[in-house]
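Residue numbers (our numbering): 7 to 111.
Taking it in order: structure first as structure tokens, then the write-up.
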Amino acid sequence: MLAELNQLLKQNWQEWEVPREPDKKWAKKAQDLLANWWQLKQQRQQEMDASIANNSGSETLYDQPFEDKKKLRVAGPFTVETLQSFEPINPENVEAEKQQDNSTF
């Protein structure tokens, strides 16, 4: 069906590139093919979802991390605005580096 749609519209679409809505300029046959394509794709997805639901067991997942005393575990809603450098920097060296960088241009 995709090959026929591509041939009608002179396209080379892959499955994930097929548009959801037809262009109004398309021929009626191309519009019908596209509608049928999406109907079959939705039907296939529903069949896969039903198969997964019927054949898979459920399992309650609990957060049980491996305890490693060398690592700090942090949880919660937070944001990190910046990361600080832990290496001490001499302000005199910063000025010297700026002057050296400016001299190269």
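Even glycine gets a Cβ: it sits at the ideal position worked out from N, Cα and C.
No experiment lies behind these values; they were computed from the predicted model shown.
Rounded straight-line distance, which links the Cα of residue j to that of residue i
i     : j     : result
Leu40 : Ser57 : 26 Å
Gln13 : Asn61 : 39 Å
Pro97 : Asp74 : 38 Å
Gln48 : Pro83 : 37 Å
Lys31 : Leu46 : 23 Å
Val80 : Pro25 : 43 Å
Asp29 : Leu15 : 10 Å
Glu23 : Ala59 : 28 Å
Gln52 : Thr85 : 38 Å
Burial state of residue i, where buried means 16 or more other Cβ atoms lie within 10 Å
i     : result
Leu11 : buried
Coarse secondary structure for residue i, derived from DSSP in three states
i     : result
Asn18 : coil
Complete alpha helix (DSSP H) runs within the segment 23-105 (minimum length 4 residues, chain order):
34-61
Count the CB pairs spanning the segment 29-37 and the segment 70-77 that are closer than 8 Å, and state whether there are at least three.
no
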